[in-house]
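Below you'll find the structure, written out as structure tokens, and then a few comments.
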Amino acid sequence: MRGEFYQQLTNDLETARAEGLFKEERIITSAQQADITVADGSHVINFCANNYLGLANHPDLIAAAKAGMDSHGFGHGFGAFYLRHSGQP
Numbered sequence: 001m002r003g004e005f006y007q008q009l010t011n012d013l014e015t016a017r018a019e020g021l022f023k024e025e026r027i028i029t030s031a032q033q034a035d036i037t038v039a040d041g042s043h044v045i046n047f048c049a050n051n052y053l054g055l056a057n058h059p060d061l062i063a064a065a066k067a068g069m070d071s072h073g074f075g076h077g078f079g080a081f082y083l084r085h086s087g088q089p
């Protein structure tokens, strides 16, 4: 059974490649920013990290985020929600 499943996966992948539907992932070779470099040396806009505007590296935003964490802390935002609504005191 397991061998049949793997064979079906292999066949599906081969079909996808033959039909031009298989997506090769690009390897990012630069820091995560708005414009990144991939393994073939191409420069592309980075839409995969929600940083296509490059704001994650902006010094003012970094300082504001640090100030917020210093004053309010950091953690999972959902924890208190579940604890308050779980029937526990």
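Going by UniProt numbering, the sequence shown opens with residue 1, and the numbers climb by one from there.
Ideal placement from N, C-alpha and C gives every residue a C-beta, glycine not left out.
Span of the alpha helix (DSSP H), counted from its first residue to its last, around residue i
i   : result
D60 : P59 to H72
D12 : R2 to A18
Cβ-Cβ distance between residue i and residue j below 9 Å
i   : j   : result
T37 : I28 : yes
G54 : A39 : no
A31 : N57 : yes
L13 : F22 : yes
Residue range of the unbroken beta strand (DSSP E) whose run includes residue i
i   : result
I45 : H43 to I45
D35 : D35 to T37
Those residues which DSSP pairs with residue i across a bridge
i   : result
I28 : V38
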